[in-house]
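Trainee:
Residue numbers (this note's numbering): 3 to 672.
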């Protein structure tokens, strides 16, 4: 008999030693490291979004209501302050029931903390896991104080409805901090722990109240007398708490934003931080996004495109006919699309970025991924390159047909103007104001392809094809890149790096990234002064003149863009504070509508967005130095105000006798 007893003892000892060894190899420091959801802030430092992860706000034990601590102990572990991590009576009961295939609790708070902290323990109920959990709990008790264990438990545990930790549970369910919970509120939250999915008051209020009463009833039992004494809770207070109604807060949930601006934030985050840094959570990500302007840009785009879809000559599918079955994430849609990018001139910070009409229909971000033919939006950079080479806005340039061999890299290409008309010799500025193709090609030829390509690259545009067709924008670029290129003109010749993340703080509060605000010199300021002055005139009597009839009355400079076949419609322009680019088209390049000019399709979106911006925090002041001396233009083509198209030539009058009047008006002179 003694022999078998000794053998039994040795076997039990070996088993216990094996589990103790296994427990010693686990990293219990994980208990202290809780993954929080990273928080994304807008440009004003207000919470804008939270990234996927565990939604919690850790707090100290002193910042938690004693009512919750008492309710928790009564509900989960009445002998917490007396055991060494394991309650033998509860453990024996749990093992017996598990053998009977009726697994149940019996774990101490320490065991629960270990199970919820270490992935190796998992959640599957088995004797193997239970034994390993016991020895881990013993280690935890040797390495942490009771107060530390209690604090880690309250901050880690799941309380239903996507909420982790007592502080976040208090704010979500009752709109208050954990330290301010009443006894009834604290008991209800404690009661959720054993049934977090079912007992959330958002999901099942009767069950939540039942769990509250259960926790309070447990607190009133004789074996909880020490707990009641420790936390100064009387039996009368418990009975009163059962009768008091619970007022659940209307949940102010800030979930992950699902829009095109957040898509860019996540892309930039992937560049700045590796996967492990992001997975740790708890990051504070400060962005440049203005949520109100973002919302206005999204609404303005959809509103304008819906109007286009209602035109009798629009022949493509409409967004209103797009169904749930049609939604194919990441794929192009077959209805009319667009993009809007708004950038802070001074810093390069992106204030709004819209890459399509509905992120649910398509996650394809046209603002940063769609390379579309830029058309005449490129012409201001061509003129700026020519000004840098010594050309003047008054330099005579022919608006006549191109002669064979006249243009380098032309390859026998002989384009006309959009109105199929030609003029004589005109000041160079008139070619930009009225978007004359023949004049713009001659200006590009005068500047030289290498110079134009070099300036384009410095402005952040992709490499342009070695062809004279590039002078009128026959190459592709994204709306973001085109918009950023225009900020060079708005900034007096300096390109700033576009960015959407200003700063990132770690969970410990350390700054792990801050935007560098690097700059690249592109043009001399005088070049930008001349170009901007002409672009201001575009808004008065050129292809952008219809902005006035749409309600735009403030200083601005901009340029329309319309591509061959009316596949793309653009308008990009800037005020003294912001640059905004708008693109409209279908994902598969086809004619939007006949005569679908940028002035008619894209400019209305620009006006709506910039009117909202300039009415609030982004003033539209004079664009440059006062009193810029200019020579009057002797003649100018007359635009079609309804489309922005170019008309025939005419003699000057008082209103259109050159750009001197416009330069003084928009640059602050009289």
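Backbone N, C-alpha and C define an ideal beta-carbon position, used for all residues, glycine too.
These numbers come from a predicted model, not from an experiment.
Can you tell which of 362, 376 and 296 has the C-alpha that lies nearest to the C-alpha of residue 355?
Mentor: Among 362, 376 and 296, the Cα nearest to that of residue 355 belongs to 296.
Trainee: Does residue 563 come out as helix, strand or coil in the three-state DSSP assignment?
Mentor: It is a strand residue.
Trainee: For the candidate residues 210, 200 and 289, whose alpha-carbon lies nearest to that of residue 50?
Mentor: The residue with the shortest Cα to Cα distance from residue 50 is 289.
Trainee: Rounded to the nearest angstrom, what separates residue 612 and residue 534 at their Cα positions?
Mentor: Their backbone Cα atoms lie some 18 Å apart in a straight line.
Trainee: Between which two residues does the alpha helix (DSSP H) containing residue 536 stretch?
Mentor: Looking at the DSSP string, the run of the alpha helix (DSSP H) that includes residue 536 is 527-543.
Trainee: Quick check: the Cα distance between residue 362 and residue 376, rounded to an integer number of angstroms?
Mentor: C-alpha separation (whole angstroms): 27 Å.
Trainee: Alpha carbons only, please: which of 109, 360, 293 and 273 is nearest the one belonging to residue 352?
Mentor: Comparing Cα-Cα distances from residue 352 to each of 109, 360, 293 and 273, the minimum goes to 293.
Trainee: Using alpha carbons as the reference points, say which of 511, 378 and 308 lies closest to residue 546.
Mentor: If we check each option's Cα against that of residue 546, 378 comes out closest.
Trainee: Using DSSP's beta-bridge definition, name the partner residues of residue 584.
Mentor: Residue 584 pairs with 342 and 573.
Trainee: Give the list of continuous alpha helix (DSSP H) stretches no shorter than 4 residues that lie fully inside the stretch 199-223.
Mentor: Listed in chain order, they are 207-222.
Trainee: Please confirm whether residue 57 and residue 165 have their CB atoms less than 8 Å apart.
Mentor: Taking 8 Å as the Cβ cut-off, residue 57 and residue 165 qualify as a contacting pair.
Trainee: Quick check on DSSP: helix, strand or coil for residue 189?
Mentor: Three-state DSSP puts residue 189 in a helix.
Trainee: Among 344, 334 and 176, which one has its Cα closest to the Cα of residue 500?
Mentor: Checking every option, the nearest Cα to that of residue 500 belongs to 344.
Trainee: Specify the secondary structure class of residue 137 as computed by DSSP and reduced to three states.
Mentor: The answer is helix: DSSP assigns residue 137 an H, G or I state.
Trainee: Between residue 609 and residue 549, which are expected to be in contact by the criterion C-beta below 8 Å, what is the C-beta distance as a whole number of angstroms?
Mentor: Right, the Cβ-Cβ distance comes to about 5 Å (below 8 Å), so this counts as a contact.
Trainee: Could you tell me which whole beta strand (DSSP E) segments of length 3 or greater appear in the stretch 396-444?
Mentor: Listed in chain order, they are 398-400 and 427-429.
Trainee: In the DSSP assignment, find the unbroken beta strand (DSSP E) run with residue 507 in it and report its ends.
Mentor: 503-507 is the span of the beta strand (DSSP E), which, as asked, contains residue 507.
Trainee: Go ahead and label residue 665 buried or exposed: buried means 16 or more other beta carbons lie within 10 angstroms of its beta carbon, across all protein chains shown.
Mentor: Legend: pLDDT at residue 665 = 41, less than 50; position of this residue unreliable, value from coordinates given subsequently. Its Cβ being crowded by 16 or more others within 10 Å, residue 665 is buried.
Trainee: When burial is assigned at 16 or more other CB atoms within 10 Å of the CB, is residue 457 buried or exposed?
Mentor: Residue 457 is buried by the Cβ-count criterion.
Trainee: Take residue 1 as the anchor and find which of 436, 506, 423 and 412 has the nearest alpha-carbon.
Mentor: Since the first residue shown for the chain is 3 and the last is 672, residue 1 is missing from the structure and cannot be characterised.
Trainee: Whose C-beta lies closer than 7 Å to the C-beta of residue 175 among residues of the same chain, with five residues either side of it excluded?
Mentor: So the qualifying residues of the chain are 191, 203, 250 and 251.
Trainee: Quick check: the Cα distance between residue 645 and residue 268, rounded to an integer number of angstroms?
Mentor: Residue placement at residue 645 is flagged as unreliable, the pLDDT there being 38, under the threshold of 50; the coordinate-derived value follows with that caveat. Looking at the two C-alpha atoms, the distance is approximately 39 Å.
Trainee: What distance in whole Å lies between the Cβ atoms of residue 484 and residue 490, which are believed to be in contact at a cut-off of 8 Å?
Mentor: That belief does not hold up - the Cβ atoms of residue 490 and residue 484 are roughly 11 Å apart, past 8 Å.
Trainee: Expressed to the nearest angstrom, what Euclidean distance is found between the alpha-carbon atoms of residue 574 and residue 357?
Mentor: Spanning the two alpha carbons is a distance of roughly 15 Å.
Trainee: Does the Cβ-Cβ distance between residue 40 and residue 323 come in under 8 Å?
Mentor: Contact: no.
Trainee: Assign residue 187 to one of two classes, buried (16 or more other C-beta atoms within 10 Å of its C-beta) or exposed (fewer than that).
Mentor: By the neighbour-count rule (16 or more Cβ atoms within 10 Å), residue 187 is buried.
Trainee: Starting from residue 62, trace the alpha helix (DSSP H) in both directions and tell me its first and last residue.
Mentor: Per DSSP, residue 62 belongs to no alpha helix (DSSP H) and is neither H nor E.
Trainee: Relative to the alpha-carbon of residue 348, which residue among 185, 445, 542 and 498 has its alpha-carbon at the smallest distance?
Mentor: It is 498.
Trainee: Taking the alpha helix (DSSP H) that residue 522 falls in, what are its first and last residues?
Mentor: Residue 522 -> not in any alpha helix (DSSP H); beta strand (DSSP E) instead, spanning 521-523.
Trainee: In or out: residue 133 buried (at least 16 other Cβ within 10 Å) or exposed?
Mentor: With 16 or more Cβ atoms within 10 Å of its Cβ, residue 133 is classed as buried.
Trainee: If you check the beta carbons only, do residue 488 and residue 445 fall under 8 Å apart?
Mentor: Not closer than 8 Å, so no.
Trainee: Could you pull out every residue in the same chain whose Cβ sits closer than 8 Å to the Cβ of residue 88, ignoring the five residues on either side in sequence?
Mentor: Once the five neighbours on either side are set aside, the close Cβ partners of residue 88 are 110, 112, 113, 136, 139 and 140.
Trainee: Taking the beta carbon of residue 106 as the centre, do at least 16 other beta carbons fall within 10 Å, making it buried, or is it exposed?
Mentor: Unreliable placement is indicated for residue 106, whose pLDDT of 44 sits below 50; the coordinate value is still reported in the next sentence. With fewer than 16 other Cβ atoms within 10 Å, it is exposed.
Trainee: Does DSSP put residue 51 in a helix, a strand or coil?
Mentor: Strand, per DSSP.
Trainee: For a test of the three-state rule: what should DSSP assign to residue 123, helix, strand or coil?
Mentor: Of the three classes helix, strand and coil, the one that applies to residue 123 here is coil, per DSSP.
Trainee: Are residue 561 and residue 381 touching if we call contact CB-CB under 8 Å?
Mentor: Yes.
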